[in-house]
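Residue 821 in my numbering sits at position 172 of the sequence shown, with consecutive numbering throughout. To start, the structure under review is shown below, and the notes come after it.
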Amino acid sequence: MKILLTGGRGQVGSEFAEYVEQNPSLGIELCLTDLHNLDICDRNQVRSTVEDFQPQWIVHLAALTAVDLCEDEVDLAYSVNAIGTRNLVQAAEAVGAKVCYISTDYVFDGEGSTPYREWDKPNPKSVYGKSKLAGEQEIRPSDLIIRTSWVMGKYGSNILKTMIRLAQGEGEVKFVGDQVGSPTVVSDLIKTIIELVTSDQGGVFHATNGGSLSWFQLCKFVFQEVGADPSRVIEISSEQLDSSRKAPRPKFSVLDNMALRLTKANPLPDYRESVAGLVETLLKG
Ligand SMILES: NC(=O)c1ccc[n+]([C@@H]2O[C@H](COP(=O)([O-])OP(=O)(O)OC[C@H]3O[C@@H](n4cnc5c(N)ncnc54)[C@H](OP(=O)(O)O)[C@@H]3O)[C@@H](O)[C@H]2O)c1
Numbered sequence: 650m651k652i653l654l655t656g657g658r659g660q661v662g663s664e665f666a667e668y669v670e671q672n673p674s675l676g677i678e679l680c681l682t683d684l685h686n687l688d689i690c691d692r693n694q695v696r697s698t699v700e701d702f703q704p705q706w707i708v709h710l711a712a713l714t715a716v717d718l719c720e721d722e723v724d725l726a727y728s729v730n731a732i733g734t735r736n737l738v739q740a741a742e743a744v745g746a747k748v749c750y751i752s753t754d755y756v757f758d759g760e761g762s763t764p765y766r767e768w769d770k771p772n773p774k775s776v777y778g779k780s781k782l783a784g785e786q787e788i789r790p791s792d793l794i795i796r797t798s799w800v801m802g803k804y805g806s807n808i809l810k811t812m813i814r815l816a817q818g819e820g821e822v823k824f825v826g827d828q829v830g831s832p833t834v835v836s837d838l839i840k841t842i843i844e845l846v847t848s849d850q851g852g853v854f855h856a857t858n859g860g861s862l863s864w865f866q867l868c869k870f871v872f873q874e875v876g877a878d879p880s881r882v883i884e885i886s887s888e889q890l891d892s893s894r895k896a897p898r899p900k901f902s903v904l905d906n907m908a909l910r911l912t913k914a915n916p917l918p919d920y921r922e923s924v925a926g927l928v929e930t931l932l933k934g
């Protein structure tokens, strides 16, 4: 199967490329792209790259993911997240390819108290969430949307790496206890992407690790895994956070992985198992 990957140098893309390279039995031929060789906002470049490679699938990871920057750079956010997606869908249409678009819990308002299902009405509050939803709206019904949350992996920077660094230091650290979600370890997400793509699925799927908790609870869990004293982690509320953070964060962004369950696809493991495994990998360096 020929897959064109956008955002191939990002957190998910780097590990996706590594996984495909280490597992030749998957039979995947990858065309790895990122901003340096394919700006998805450039319609002509997208068209010629897709036509040259002739993929069966485009796994579309590229996005403007800096949520606070998106509040200031509204046109750029929509340009990358919405127009970029439109360009890829149009190019896919021209060569008979399907698109797998990776989306986010930020499409919901986070004001619920039970896990969001794939069919629940999105109501994004941030520019990032609105522009990612705009990208979803460019996707054809036969294409695939995978919404995920709290992504953490080996490459790039993420909050798990910050927590490990803090655990290895000294003194108190503060994390919010009133924002609840589900972590998603990149290696698990990649397996789900590949499973859904190779089984030619379409529609919307939520894909996160099992279980949910607050950032405060996650930090305590990480401290335990690192062997640091979890009582150093202090719970604060979102109101006590740095007010320079422009984008509103969802208070409750747990995604029910209902479509995976109903289609009998493999569930992602519980976060305790996956985050513990990732902490161990990161500690080994
Ligand atoms: N990280 C999370 O917690 C999370 C949660 C839910 C959903 N997601 C979604 O998951 C996907 C992958 O996330 P990630 O964590 O791997 O993001 P990431 O590390 O920020 O990677 C995104 C990549 O897209 C590239 N990019 C930006 N503008 C581009 C353009 N115009 N043309 C081509 N490439 C461009 C970036 O390049 P530069 O670095 O050079 O700008 C970067 O390599 C994204 O669609 C994101 O919205 C992420």
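Even for Gly, the Cβ is constructed at its ideal location relative to N, Cα and C.
message: Spatial neighbours of Thr847 within its chain, please: C-beta separation below 7 Å, excluding the five flanking residues on both sides.
response: Met650
- request: Could I get the ranges of all uninterrupted alpha helix (DSSP H) runs contained in the region 730-785, with 4 residues as the minimum, in chain order?
  value: 733-744
task: With Phe665 as the anchor, note down where its alpha helix (DSSP H) starts and where it stops.
output: Gln660 to Gln671
query: For Ala877, which residues of its own chain have a beta-carbon under 8 Å away from its beta-carbon, when the five flanking residues on both sides are left out?
result: Ala816 and Gln817
query: Which partner residues of Val822 appear in the DSSP bridge assignment?
result: Val882
field: Other residues of its chain near Lys666: CB distance less than 8 Å, five sequence neighbours each side excluded
entry: The sequence given here places Ala at residue 666; Lys does not occur at that position. These residues qualify, in order along the chain: Leu654, Gly657, Leu679 and Leu681.
task: Using 10 angstroms around the beta-carbon of Gln889, count the other beta-carbons present and answer buried if the total reaches 16, otherwise exposed.
output: exposed
query: So, are the CB atoms of Gly802 and Val661 less than 8 Å apart?
result: yes
task: Just tell me which of Arg898, Glu785, Val928 and Val903 has its CA closest to the CA of Gly733.
output: Glu785
message: Tell me the rounded alpha-carbon separation between Ala743 and Glu670.
response: 28 Å
- prompt: Looking only at DSSP bridge pairs, what is Ser863 linked to?
  reply: Val829
query: Leaving out the 5 sequence neighbours to the left and right, which residues in its chain are closer than 7 Å to Trp864 when beta-carbon positions are compared?
result: Phe824, Val825 and Gln828
- prompt: Comparing the CB of Trp799 with every heavy atom of ligand 1, is any distance shorter than 7 Å?
  reply: yes
query: What residue range is occupied by the uninterrupted alpha helix (DSSP H) comprising Lys933?
result: Tyr920 to Lys933
field: Element boundaries [beta strand (DSSP E), containing Ile652]
entry: Lys651 to Thr655
- prompt: Can we count Leu710 as close to ligand 1, meaning its CB is less than 7 Å from some heavy atom?
  reply: yes
- prompt: What's the call for Ile883, buried or exposed, on a 16-neighbour Cβ count within 10 Å?
  reply: exposed
Assigned exposure category for Arg946 - 16 Cβ within 10 Å defines buried: Absent from the model: residue 946. The displayed extent of the chain is 650 to 934, so no value can be given.
message: Let me see if you follow: with CB-CB separation under 8 Å, is Cys680 close to chain D or not?
response: Reference to chain D is not applicable here, since this structure consists of a single protein chain.
- request: Counting only the same chain and skipping the five closest in sequence on each side, list residues whose C-beta sits under 6 Å from that of Ala731.
  value: Ser780, Ala783 and Gly784
message: By the DSSP assignment, the alpha helix (DSSP H) with Ile677 in it spans what residues?
response: Taken as a continuous stretch (DSSP letters only), Ile677 belongs to no alpha helix (DSSP H), as it is neither H nor E.
query: First and last residue of the beta strand (DSSP E) that includes Leu793?
result: Leu793 to Thr797
message: I need the straight-line Cα distance from Tyr804 to Lys913, nearest angstrom please.
response: 30 Å
- prompt: Considering Phe702, what are the terminal residues of the alpha helix (DSSP H) in which it resides?
  reply: Arg692 to Phe702
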